[in-house]
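**Q**
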Amino acid sequence: NAGVMQNPRHLVRRRGQEARLRCSPMKGHSHVYWYRQLPEEGLKFMVYLQKENIIDESGMPKERFSAEFPKEGPSILRIQQVVRGDSAAYFCASSPPAQNNSPLHFGNGTRLTVT
Amino acid sequence: AQKITQTQPGMFVQEKEAVTLDCTYDTSDPSYGLFWYKQPSSGEMIFLIYQGSYDQQNATEGRYSLNFQKARKSANLVISASQLGDSAMYFCAMREDITGGGNKLTFGTGTQLKVEL
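Residue numbers (my numbering), protein chains in the order written: chain W, 8 to 122; chain D, 1254 to 1370.
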C-alpha cells in the first residue's frame, strides 16, 4: 500500500521561474493538505483540499501561490515567480474523509531551492 | 488560536535510557487531538503516536508513550530504551477541527534528540 507520493524530491528554480510540486495521496484518501517547513522551523499549514475543492487556504500567501486537487490526477502546489524566500521543504499529507482522529500521513516532501 | 510549545530545542540521552520530550498546548476547544511526529535527517515526517482529548488512558505505541496531563495542558512524549536510530527531530502537533471535516495541524518548533553510546 503506497504512501503519500510527492515529486520531485528536490527542485531547483531560478528567481522568477515557476515551481510545480505534485502530490498523490494514499489510496482511499480524499483529503489533501500542504505544509511548508522553513529551515530550522516546524511545519506550517498552507492549504486543505478535497477533490475539486479548496476547503481552507488560510495559510497560503495571498500572491503567487495556488493549489488544486483535480478529479483525476495528483494535487498540485504551484508557485509563480519564485523568490529566494520560497526556499523551503513542502510537505503534502493526506487523510481519509471524516475521521478526525486519524493521523495525517505525510509524503517525503519536496525541497525547493531558489537560486 | 491554538498554540503548541516545545521548550527543549535539543536533548541528549544515553542509549537504552528513557527520555521525555516536553510539549504544552493551549486551546479553547473542548475537542482536540495531539500528535507526535519524528523527522530524521533524511527529512521525512513519520507519525509516532496520537492522543485524543477525551481519551481516558495515555496512548502507547511500542516504545513510545504519551504522558497526557489535561489539566496542565501537557502531552509529553516518552521514549523508552532509546536506540541510536531514535536520533532525530521530534515535533508535537495539535489538531484543529475545520470546516469540511478535515484535520489542520499546528506544529511546535521541535526538539532535536541525540542518542549517544
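We treat Cβ as the ideally placed atom computed from N, Cα and C, and that holds for glycine.
Treat the numbers as computed from the prediction; the structure is a model and nothing was measured.
Examine chain W for any beta-carbon lying closer than 8 Å to the beta-carbon of D:T1343, and answer yes or no.
**A** Numbered from 1 along the second sequence, position 90 holds the residue referred to as residue 1343 of chain D. The sequence shown places Tyr at residue 1343 of chain D, not Thr. It does not; no Cβ of chain W falls within 8 Å.
**Q** In chain order, what residues of the same chain lie with their CB nearer than 6 Å to the CB of W:T122, ignoring the 5 residues before and after it?
**A** Residue numbering aside, residue 122 of chain W sits at position 115 when the first sequence is read from its first letter. These residues qualify, in order along the chain: R21.
**Q** Can you tell me whether W:H38 is buried or exposed, with buried defined as 16 or more other CB within 10 angstroms of its CB?
**A** Taking the first sequence and counting its residues from 1, one reaches residue 38 of chain W at position 31. It counts as buried.
**Q** Which ranges does the beta strand (DSSP E) cover as unbroken runs of at least 3 residues, wholly within the region 1258-1331 of chain D, from first to last along the chain?
**A** With a minimum length of 3 residues, the continuous beta strand (DSSP E) runs that stay inside the region 1258-1331 of chain D are 1263-1267, 1272-1274, 1277-1279, 1286-1292, 1299-1305, 1317-1322.
**Q** Is the closest heavy atom of the ligand FMN to the C-beta of D:E1268 under 7 Å?
**A** This structure lacks the ligand FMN; in fact it carries no ligand of any kind.
**Q** What are the residues in the region 1281-1310 of chain D lying within 7 Å of chain W by C-beta distance?
**A** Those residues of the region 1281-1310 of chain D that come within reach of chain W (Cβ to Cβ, closer than 7 Å) are G1286, F1288, G1296, E1297, M1298, F1300, Y1303, G1305.
**Q** Would you decide whether W:V11 is buried or exposed? Buried here means 16 or more other CB atoms lie within 10 Å of its CB.
**A** On the first sequence, position 4 is the one that residue 11 of chain W refers to. Label assigned to W:V11: buried.
**Q** What did DSSP end up calling D:G1355 once you bin it into helix, strand or coil?
**A** The sequence position of residue 1355 of chain D within the second sequence is 102, counting from 1. Three-state DSSP puts D:G1355 in a strand.
**Q** Assess, as a yes-or-no matter, whether the region 1327-1340 of chain D is touched by the region 30-37 of chain W under the definition of 3 or more beta carbon pairs within less than 8 Å.
**A** Output reads no: the region 1327-1340 of chain D does not touch the region 30-37 of chain W.
**Q** I'd like the list of long-range same chain contacts for D:M1342, defined as Cβ closer than 6 Å, with 5 residues on each side in sequence excluded.
**A** Translated into positions along the second sequence, residue 1342 of chain D becomes position 89. Taken in chain order, the residues that qualify are Q1292, G1363, Q1365.
**Q** Do you know how far the Cα of W:P46 is from the Cα of W:F98?
**A** For the purposes of this step, residue 98 of chain W is taken as the residue at position 91 of the first sequence. For the purposes of this step, residue 46 of chain W is taken as the residue at position 39 of the first sequence. Each residue's alpha carbon lies about 13 Å from the other.
**Q** In whole angstroms, give me the CA-to-CA distance for W:Q88 and W:G49.
**A** Translated into positions along the first sequence, residue 88 of chain W becomes position 81. Translated into positions along the first sequence, residue 49 of chain W becomes position 42. Those two C-alpha atoms are separated by around 25 Å.
**Q** Beta-carbon within less than 8 Å of W:K78's beta-carbon, same chain only, minus the 5 sequence neighbours each way: which residues are those?
**A** Numbered from its first residue, the first sequence carries residue 78 of chain W at position 71. Within the same chain, W:K78 has close Cβ partners K58, E59.
**Q** Look at the alpha carbon of W:W41 and the alpha carbon of D:R1325, and state the distance between them as a whole number of angstroms.
**A** Start at 1 with the first residue of the first sequence, and residue 41 of chain W comes out as number 34. Start at 1 with the first residue of the second sequence, and residue 1325 of chain D comes out as number 72. When rounded, the distance between both Cα atoms is 31 Å.
**Q** What are the residues that DSSP puts in a beta bridge with D:T1393?
**A** A question about residue 1393 of chain D goes unanswered here, because the residues of chain D that appear run from 1254 up to 1370.
**Q** Counting only runs of 3+ residues fully inside the region 18-85 of chain W, write out the beta strand (DSSP E) ranges in chain order.
**A** As far as the region 18-85 of chain W is concerned, its whole beta strand (DSSP E) runs of at least 3 residues are 26-31, 38-44, 50-57, 60-63, 72-75.
**Q** What is the rounded straight-line gap between the Cα of D:A1334 and the Cα of W:S109?
**A** Locating residue 1334 of chain D in the second sequence gives position 81, counting from the first residue. Locating residue 109 of chain W in the first sequence gives position 102, counting from the first residue. Going by the C-alpha atoms only, they are around 27 Å apart.
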